[in-house]
Amino acid sequence: MSRPVQFNTHVKFEGIPEGYMGEGFMATNLEKVVSLARKNSIWPLPYATSCCGIEFMATVASHYDLARFGAERMSFSPRQCDLIMVMGTIAKKMGPVLRQVYLQMAEPRWVMAVGACASSGGIFDTYSVLQGIDQVIPVDVYVPGCPPRPEAILDGFMRIQELVNAEGLRRRYSDQYKGLLAEYGIQ
Ligand code: SF4
């Protein structure tokens, strides 16, 4: 005997983009559909150098389950990722390497600084530690904490999703975006 299908009533479905709806049809614009798809299929590149990386492992594991956001496909190649998550202390020597990885990412690309070290150098106010990755690459979202709890990392991730959802298809061609990259010496 087949059992009745049980639906989890706590599951939240993704909102339908604005547009026109009628019986059997829905019309919206391409930008909203692309944003919706991008937002829910982000491929993260975990750039983990120290303890914050352990919190990220917890964030991906079953209890916090980053897969709920469609982001379980980790990318260890910058050429196939959307979001670089920098987690840990970045030594000044590693700054050019991080920048090189960022440059190898295809547009559109986003950056998250996870934890105090990636955001500002954290407790390591020393000659050898980069005092924030925004000295070498532009950052979209900063997650505070030493280390940030998985909830904080998820919160940061959801803010990235908001940015992705709100970003127009042509933002990357804007003078404002080009100006931002120019500040970092990126063409
Ligand atoms: S912010 Fe704290 S937990 Fe994260 S890498 Fe730095 S020292 Fe480690």
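One point on numbering: in our numbering, the residue at position 120 of the sequence shown is 120, and numbering is uninterrupted. All C-beta atoms, glycine included, are put in the ideal place defined by N, C-alpha and C.
Residue i - DSSP class collapsed to helix/strand/coil
i    : result
F13  : coil
F25  : strand
P44  : strand
L180 : helix
M158 : helix
V139 : coil
I90  : coil
Cβ shell of residue i (< 6 Å), same chain only, five flanking positions each side left out
i   : result
K39 : Q161, V164, N165
V86 : Y47, A113, A118, I133
The ligand SF4 heavy atom lying under 8 Å from the CB of residue i
i    : result
A118 : yes
E14  : no
P147 : yes
G132 : no
S50  : yes
M87  : yes
E55  : yes
G19  : no
I123 : yes
G95  : no
G156 : no
G115 : yes
Residue i - containing alpha helix (DSSP H), residue span
i   : result
M57 : 52 to 60
A37 : 30 to 39
Proximity to residue i [Cα-Cα], best of the options
i    : options                : result
A152 : M74, I137, R172, G115  : G115
I54  : F25, K93, C146         : C146
S77  : T59, Q100, F25, T126   : Q100
P194 : G19, R170, M158        : Residue 194 lies beyond the residue range present for the chain, which begins at 1 and ends at 187; the question has no answer from this structure.
G19  : K12, F13, A27          : A27
T126 : V143, W110, K92        : K92
G185 : R172, W110, G122, V136 : V136
A75  : G15, F157, V33, W43    : Here residue 75 is Ser; the residue named in the question, Ala, does not match the sequence. Nearest of G15, F157, V33, W43 to S75, Cα basis: W43.
F56  : P148, E183, D175       : P148
Contact with chain B by residue i, beta-carbon distance below 9 Å
i   : result
L45 : Considering every chain present, this structure includes no chain B. It has just one protein chain.
Same chain, Cβ closer than 8 Å to residue i, neighbours up to 5 away in sequence not counted
i    : result
Q187 : L181
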